[in-house]
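Residue numbers (the working numbering), protein chains in the order written: chain A, 1 to 401; chain B, 402 to 509; chain C, 510 to 916; chain D, 917 to 1102.
Cβ coordinates follow ideal geometry from the N, Cα and C atoms, glycine included.
Please read all numbers here as calculations on a predicted model, not as lab measurements.
Report on one structure; see the data block that follows.
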Amino acid sequence: MTKKLLEGSQGIAEAVALCRPQVIAAYPITPQTHIPQELADMVANGKLKAEWVNVESEHSAASVVLGASATGVRVFTASSSQGILLMNEVLFNIAGMRLPVVLVCVNRAISAPLNIWNDQQDSISQRDTGVIQLYAEDNQEAADLVYQAYRIAEDHRVQLPVMVCLDGYVLSHAWETVDIPSQAQVDSFLPPFKPLYKLDPENPLSFGMYMEPDKYLETRYMIQHTMEQSIGIIQDVAHDFEKIFGRPATAIIEEYQTHDATTILVGMGSMVSLFKEEVDQLRSQGQKVGVLKLVCYRPFPKEELYQSLKRAKHVVVIEKATSLGFGGPVASELRSVFYGCPHQPAISGFIAGLGGRDITAETVKTALNKAHRHPVDTEYLDLRTDLELEGISNPAGQHKK
Amino acid sequence: MKLTIGGVSQPGTSRENRTGSWRVNSRPSHLHKTCTACDLCALSCPEGCIYGKGRNTYYSDLTYCKGCGNCADVCPVDDIVMVPEEKSLPQEWMVFSDNQEYKSMATS
Amino acid sequence: MVSKTTEDLSHLFASGHSACAGCGQSLSVRLVLRAAGRNIITTNSTGCLEVFSSNYPRSAWQVPWIHSLFENAASVAAGVEAALRATGRIDQIRVIGQGGDGGTGDIGFGALSGMWERGHDILFICYDNENYANTGVQRSGLTPYGSSTTTSPAGKVSWGNPRPKKNLPEIALAHGLPYVATTSVGYPFDLDKKVKKALSIRGPKYLQIFANCPLGWRHDTAFTISISKLVVETGLYPLLEWENGQLISARKIGKKKSVDEYLRLQGRFSHLFGPGGDKEIAKIQAIADANIAKYGLMSKSATGVEPPDETVEAARASVTAPPSSPTKPAVRTFTLGELAAYNGRNGQPAYVAYKGKVYDVTSSSLWEDGEHQLEHKAGRDLTEDMNNAPHSDDTLDRVAMVGVLKN
Amino acid sequence: MKEIRVHARAGQGAITTAMLLATAAFEEGKYALAFPNFGAERLGAPMNAFIRMDSQPIRKRSQVRNPDYVIVQDPTLVKDFDVTEGVPDNGIVIINTPTVTSQIKPRTQKIVTVPASLIAEDVMGRADRANTALLGAFAAATGEIKMESLIAAIRQRFPGPMGEKNVIALQRAYEFIKNDGEKDAK
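Listed below in C-alpha cells is the structure:
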C-alpha cells in the first residue's frame, strides 16, 4: 500500500492497471482523456501488458470491449458526456449479453449548449441500460470502486457491466492523496477472469441471438432479478475489500451523522464532501442534520434507503441531473421508495450544479432552508437573477407541489 | 426450455427447425441417371440439405428443403427435376432422415 | 470432388435456418464457412443473416459467432482480435466480420474504416444483396442504379434509385488493405478460393460477395445462381482481386451478355422495360461497358482485338449442341507444352487431355478460371485424375474434342 | 486549512504550481487538494488553479473564494482581474514581476513581488517556467511550506537536470524574498 499524491485520473489508471485488463479501447473526450492517456503510456512503456485499441468513436470503444469480453478477457473503457451517450446503444447490448465490462464515466454535462464541465446527466441518462452504476465521492473512492467493479461484474451471479462514475474536473483533474495497493493485494482480492461463456472454436457458442416475444420479457426479468440480488453481492465485495485493503469501502450507501438526524441531505459524487462539511457546521449550531451518500445508483438500493431515511422528518436531495419535463431522477425515485410506506419523510428535490456551476456551502444552506419551510417538488438552485431569460417572464421559474 | 444468461446458444441447433414444411409448390427429384457427382447441386443449395458421395447418390433432405429449385437449375446434366409437391412424403425420403451415413454428414 | 480425406466442412452453417427460399446470402455464408473451416470466430451485424440464423435457442452457426448491433460488426471483430492477441491465440484463430451491404457500407462504415485503418487481422465480408432486405427492401448505398426499392420506388417521375452503386472495394483499397476481392455466389469455386486466399494473408482484408435477395429483387427463387452468374457475365459485377493495391485477377467474360438479359429476370428492374426505359437500360449498359473497359474483362478474342481462333469457336459451338450429337471440330495435335498454354486463365481457353484426346472445357459451368473443383487444372493431361474421379468415360462426351495429344 | 489561488494564463504551468505545492504539503504529512478551474481555454487565456492544505482530510471541493494566499504568475493579469478578490485583510498576494507594481490597490493585504521570470530565464533560459521561483517566494513570504518539502516535490515530479535547475530557481527566489523582499512590501 503506497500513498501517493495523484491526479484523480491517474489514480483511476493505476487502479485499472492493477486489475490487469487485457484489452483497453477508448476514444478521447474531455474530461476523460487523462485516464486513457495514462493507460496508453503504461502500455507504451511495458508497465501494463494489454492490447490498446485506438478506436474511431465511443460506439466502437464500447463495441471493441464487448467483443473482447465475449472472447473471454478482462476489458476496460472510459468516456464522458456525449461519448457515454454515443455508447448508449452498446451499453444496453453489453448488459443484455451479460458481459462483465467495466467502464469509467468521468461525469460531464450534455450538449446543447456545449459545455465541458461537470454534472451527472451523462451517466444518469444510462440508468435504464442494465449497467450497474457506482458514484465516487473522492479520488480514493473512485480508485477503490474500480477494483470492486471488476469483482462485482465478473461474479457469475451478476454478469453485468459496471460503470464507475466520478465528477469531471472536480475529481478527475484534482490532485489529492490516493492509497494505491500492491499488486499482490489486488490479485488476492480480484482473481483472474473466468468467463461464464466465451467465443471459442473448441465450443462454438452463439452470442447475441434474436429473440421473439415468447422469451424476451424473461430476459429483462432476469436482469432485473440479478440487479436486485446484486445489492447483497456488492455489499459482500465491499466487506472483502475492507478485509484485504484495510480501509472502509462503501459500495451501496454511506451514512454520515444520520443516527439522530431529523433532516438528511442526499447526494451522489463529490458534492457529498461538501454536505459533510456543512453538516459538521450545522451540528455545531445544534441542528440535527445528517448526510446519506448514494454510491450505488443502479441497482437502486430501495430497502437500504428506506431504512436509513425513514426516521427523518426532511429528506433533501440535491442532484446534478434532471429529467427535463419532470424533475430530479434521484428525488423522484426516492419518493417512489416511500410510496405507501408507514414512514413518510418530506422529500424535497433540488437541481444544482448543472454544467459545472459550483455547488457551494450557500447552495446547501439555501436548499435546507427552503425544504424546512415547505417540501419542494423540484427547484433549481443558484439560478442567476441578473440574466434575462427570453420567453420567461418570471425568472424564478420554480414550480411547487 | 432453458433461458441461458445472455441468451447464449448451442451450435447447429437450427436443425430443430424443419424448414421443409415451407415448401409449397415443388420439390427436387434426383433422377439418378446421368449424375456425375459434380457436386454443383450441393454447392448451390441455400439450405445445405443436399448430400451425396458419388455418382447417382445425391439426395435432397426434404426435412429442410424449401423447394427453391436452384439445384435443378444448375444441374449440368439435367439429372434433377422439380416435381409437384406431395403433401405425404414418399417412402424413400423418410428413409433418408434415419440414414446414419447422411446424418453424420449433416452434423459434421 | 473435394478431397474426401479432409473433413467435410459443407455444413458448418447448418440447415434449419429461416432464410427465404433461394436466399443467396445463406448460401454464401455456408460457402464461406466451408472455405474458412472451424478455427475462426465470426461477428455479424444486424440484418437478415443474423435474424434467420439465430432465433433463440436455435443457432445455425457451428463456429463461434457473435452478433451485437447493426453498425459495429467491425468493432466487435476488432475486440475479438485484440483479445486473441492478448491471449497469444492470434496465430491459431482467424477472425471474420460479416455484414450486409447496409451494415458494411452505410451505418457500419465508420467502424469498418476504423478497423481497416488500424490494421486488425480480420477478414470482413460484405454479403451484398444491394438493399436493406431485413427491414423490407429499402435503398442502401450499394443499391445499383435504376433499382426500384421501397424507398427508391419507380414511379411516374422516378426510374428507381437515381445513384450508382457505392464502390466499396475501391474505398477499401484506399485504406491500403493487403487483400481486396469481389466474388459472386454463382461462382462457388471463385468464392472458396478468395476466402482461403484472404485468410492466408495477415492484416485487414475485404471480400464483397454478390448475394441475391429473391424477395427484394423479385426473381424466381430458382434463378439465384443464374442471376449471380449473369451479373458477372454482363460486366455489372466484375469478379476482381487486388493484392497490395495491385489488381491481380479479373475474371474474363467469355461471351458478353447484354444487361437486358440480367435486368429482365428481376422485378426490381421491371419498370425499365416500359415506355422510355430504353434510355435507362442504356445507362446501365454503359456502367457494365465501363467496368469491362476499366478492368479488361473481355478476353482478347471476344473483344475482337485478335481474330477468333477457329478451333476455339468451333469448340464453343459444339458445347451448345446436345451431348448426344457432338459436332466434329478440326483435329489438331497438341504437345503437353502446347496444351499447358490453354490453362483457362487470363482469357485463355481451358483444354484438358484424357486418354490421348484434348477437350475444350472453357464454357463448362464446372470449370472456373481453369480449375475444376479446386483440384484439377486445365492445360494438363487429366487421365490419371479421371480414374480417381466419380466420372465415367463418357463424361467428356458433353464437351467438344478439339484435338489429340502427341505422345 | 490554508487556501491558495493561482492566477495565470493557460500554458504558464499553474497546474504544475498547484500540484508541486500540494505534493510538498503531502511530503509534510498534510492533506492537500490541488485542482484547476478548467475551461476550454487555449494557450494564453486567463485561468486559475487552487490548492487547499490541511492537517485534516479535505472535504471542500468547491472553488476557492477566500484564499489566504494568491500567486500571480503573469503580471499582465492584474490590470484585468482583481487578484485580491476575496482575500482576507491579513492575506498575502505574491506577484511575478520585476518591478514594483502600481496597478494593485490592496486594501490591507500584503503584496510581495518577485522577479520569478527573470530568475527562471537566468537559471533555465526559460522565462515561461516561473512557477518554481514563485513557489520559493511563496515559501519565504508565507512560511506555510518547508523548502525541503518543495525541493523533494520538484525532484519527485521532475527527476534529472531540469529538476535540479528548478531547485536552484526555487532557492534563488526564496533568498530574494528573505534578503530584500521586505522592501517591496507595501
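**Q.** Three-state secondary structure assigned by DSSP to arginine 925 (chain D)
**A.** Along the fourth sequence, read from residue 1 onward, the residue named residue 925 (chain D) stands at position 9. Arginine 925 (chain D) carries a strand assignment under DSSP once its states are collapsed to helix, strand and coil.
**Q.** glycine 609 (chain C) in three-state terms, based on DSSP
**A.** Here residue 609 (chain C) refers to the residue found at position 100 of the third sequence. Glycine 609 (chain C) falls in the strand class under three-state DSSP.
Q: Taking C-beta pairs closer than 8 angstroms, name the residues in chain B that leucine 205 (chain A) reaches, listed in chain order.
A: The residue you call residue 205 (chain A) lines up with position 205 of the first sequence. By Cβ distance, chain B contributes Val409, Ser410, Gln411, Pro412.
Q | tyrosine 1090 (chain D) at chain A interface by Cβ criterion, 8 angstroms | A | Residue numbering aside, residue 1090 (chain D) sits at position 174 when the fourth sequence is read from its first letter. Not an interface residue.
Q | Neighbouring residues, chain G, relative to phenylalanine 942 (chain D) (Cβ below 7 angstroms) | A | In summary, chain G is missing from the structure at hand, where the protein chains are A, B, C and D.
Q. When the cut-off is 8 angstroms and only beta carbons count, does tyrosine 221 (chain A) lie next to chain C?
A. Translated into the one-based positions of the first sequence, residue 221 (chain A) becomes position 221. No, no contact with chain C.
Q) Below 8 angstroms, can you find three or more Cβ-Cβ pairs linking the region 771-781 of chain C to the region 714-729 of chain C? A) Because the criterion of three Cβ pairs below 8 angstroms is met, the region 771-781 of chain C and the region 714-729 of chain C touch.
Q: Just list the beta strand (DSSP E) runs in the region 657-743 of chain C, keeping only unbroken ones of 3 residues or longer that don't cross its boundaries, in chain order.
A: 688-693, 714-719
(Q) Counting only Cβ-Cβ distances shorter than 8 angstroms, please list the residues of the region 86-108 of chain A near chain B, keeping chain order. (A) Gly96, Met97, Arg98, Leu99
**Q.** Test item: CB-CB of alanine 25 (chain A) and valine 73 (chain A) under 8 angstroms
**A.** The sequence position of residue 25 (chain A) within the first sequence is 25, counting from 1. The sequence position of residue 73 (chain A) within the first sequence is 73, counting from 1. Result no, Cβ atoms of alanine 25 (chain A) and valine 73 (chain A) do not sit closer than 8 angstroms.
Q. Does DSSP put phenylalanine 618 (chain C) in a helix, a strand or coil?
A. For the purposes of this step, residue 618 (chain C) is taken as residue 109 along the third sequence, with counting starting at 1. Phenylalanine 618 (chain C) falls in the helix class under three-state DSSP.
Q. Where do the N-terminal and C-terminal ends of the alpha helix (DSSP H) with proline 213 (chain A) fall, by residue?
A. As a first step, residue 213 (chain A) is located in the first sequence; it is residue number 213 there, counting from the start. 213-245 is the span of the alpha helix (DSSP H), which, as asked, contains proline 213 (chain A).
Q) For the region 163-189 of chain A, which residues have a CB atom closer than 7 angstroms to at least one CB atom of chain D, in sequence order? A) Tyr169, Val170, His173, Ala174, Trp175, Glu176, Thr177
Q.
Measuring alpha carbon to alpha carbon, tell me which residue in D:Ala934, D:Arg1071, D:Leu1051, D:Asp1044 is nearest isoleucine 1093 (chain D).
A. Counting from 1 along the fourth sequence, the entry for residue 1093 (chain D) is found at position 177. Ranking the options by Cα distance to isoleucine 1093 (chain D), first place goes to D:Leu1051.
(Q) Does any residue of chain D have a CB that is nearer than 8 angstroms to the CB of threonine 250 (chain A)? (A) Taking the first residue of the first sequence as 1, we reach residue 250 (chain A) at position 250. Threonine 250 (chain A) does not count as touching chain D.
**Q.** Neighbour list for glutamate 487 (chain B) in chain C, Cβ cutoff strictly below 7 angstroms
**A.** Taking the second sequence and counting its residues from 1, one reaches residue 487 (chain B) at position 86. Residues of chain C passing the Cβ test: none, with the nearest at roughly 18 angstroms.
**Q.** Beta-carbon gap between leucine 160 (chain A) and threonine 77 (chain A) smaller than 8 angstroms
**A.** Here residue 160 (chain A) refers to the residue found at position 160 when the first sequence is read from its first residue. Here residue 77 (chain A) refers to the residue found at position 77 when the first sequence is read from its first residue. With contacts defined by Cβ atoms closer than 8 angstroms, leucine 160 (chain A) and threonine 77 (chain A) do not form a contacting pair.
**Q.** Residues in the region 254-278 of chain A having any Cβ partner in chain D nearer than 7 angstroms
**A.** Ser270, Ser273, Leu274, Lys276, Glu277
Q | glycine 856 (chain C): contacting residues in chain B (beta-carbon distance under 7 angstroms) | A | In the third sequence, residue 856 (chain C) corresponds to position 347, counting from 1. None at all; the shortest Cβ gap to chain B is about 23 angstroms.
Q.
Against proline 192 (chain A), what residues of chain C qualify as contacts under a CB-to-CB distance less than 9 angstroms, listed in chain order?
A. Residue numbering aside, residue 192 (chain A) sits at position 192 when the first sequence is read from its first letter. Per Cβ cutoff of 9 angstroms: no residues; proline 192 (chain A) is ~12 angstroms from chain C at best.
Q.
On the criterion of 16 or more Cβ atoms from any shown chain inside 10 Å, does phenylalanine 1147 (chain D) qualify as buried, or is it exposed?
A. Within the shown structure, residues of chain D are numbered from 917 to 1102, placing residue 1147 (chain D) beyond reach of any answer.
Q.
Tell me which residue opens and which closes the alpha helix (DSSP H) that proline 36 (chain A) is part of.
A. Counting from 1 along the first sequence, the entry for residue 36 (chain A) is found at position 36. Residue range 34-44 is occupied by the alpha helix (DSSP H) that includes proline 36 (chain A).
Q. Cβ of threonine 437 (chain B) within 8 angstroms of Cβ of valine 475 (chain B)?
A. By one-based count along the second sequence, residue 437 (chain B) stands at place 36. By one-based count along the second sequence, residue 475 (chain B) stands at place 74. Not in contact: threonine 437 (chain B) and valine 475 (chain B) (Cβ atoms no closer than 8 angstroms).
Q) Considering only the beta carbon of each residue, do alanine 174 (chain A) and asparagine 139 (chain A) sit closer than 8 angstroms? A) Taking the first sequence and counting its residues from 1, the one referred to as residue 174 (chain A) is at position 174. Taking the first sequence and counting its residues from 1, the one referred to as residue 139 (chain A) is at position 139. It is a contact, given that the beta carbons lie within the stated cut-off.
Q) Is it true that the region 865-883 of chain C meets the region 901-915 of chain C, where meeting means three or more beta-carbon pairs spaced less than 8 angstroms apart? A) yes
**Q.** Contacting residues, own chain, Cβ-Cβ under 8 angstroms from valine 364 (chain A) (five flanking each side not counted)
**A.** On the first sequence, position 364 is the one that residue 364 (chain A) refers to. Once the five neighbours on either side are set aside, the close Cβ partners of valine 364 (chain A) are Leu265, Leu274, Phe275, Glu278, Ile318.
**Q.** Listed by chain order, chain B residues near tryptophan 570 (chain C) by CB distance under 7 angstroms
**A.** The residue labelled residue 570 (chain C) in the question sits at position 61 within the third sequence. Within 7 angstroms Cβ-Cβ: Pro412.
Q: Give the DSSP-derived three-state secondary structure of tryptophan 876 (chain C) in the structure shown.
A: Translated into positions along the third sequence, residue 876 (chain C) becomes position 367. Annotated three-state conformation of tryptophan 876 (chain C) is strand, per DSSP.
Q. Do proline 31 (chain A) and glycine 246 (chain A) come within 8 angstroms of each other at the CB atom, strictly closer than that value?
A. Here residue 246 (chain A) corresponds to residue number 246 of the first sequence, with the count starting at 1. Here residue 31 (chain A) corresponds to residue number 31 of the first sequence, with the count starting at 1. Not closer than 8 angstroms, so no.
Q. Which residues in chain B sit within 9 angstroms of glutamine 882 (chain C), going by Cβ to Cβ distance?
A. Residue numbering aside, residue 882 (chain C) sits at position 373 when the third sequence is read from its first letter. Near glutamine 882 (chain C) (Cβ distances below 9 angstroms), the residues of chain B are Cys439, Asp440.
**Q.** N-terminal and C-terminal residue of the beta strand (DSSP E) that valine 316 (chain A) is part of
**A.** As a position in the first sequence, residue 316 (chain A) is number 316, starting the count at 1. Taken as a continuous stretch (DSSP letters only), the beta strand (DSSP E) holding valine 316 (chain A) covers 314-319.
Q) Among all the DSSP beta bridges, which residues are the ones paired with leucine 749 (chain C)? A) On the third sequence, residue 749 (chain C) is found 240 positions in, with the first residue counted as 1. As DSSP reads the structure, leucine 749 (chain C) sits in a beta bridge with C:Ala759.
Q. Taking Cβ positions only, does histidine 885 (chain C) come closer than 8 angstroms to chain B?
A. Numbered from its first residue, the third sequence carries residue 885 (chain C) at position 376. With 8 angstroms as the cut-off, histidine 885 (chain C) does not count as an interface residue toward chain B.
**Q.** Neighbour-count burial assignment, alanine 70 (chain A), 16 or more Cβ in a 10 Å radius
**A.** As a working note, residue 70 (chain A) is residue 70 in the first sequence. Alanine 70 (chain A) is buried by the Cβ-count criterion.
(Q) Only counting the same chain, and skipping five residues up and downstream in sequence, which positions put a Cβ closer than 6 angstroms to that of glycine 455 (chain B)? (A) In the second sequence, residue 455 (chain B) corresponds to position 54, counting from 1. Cβ neighbours of glycine 455 (chain B) beyond the five flanking positions: Ala438.
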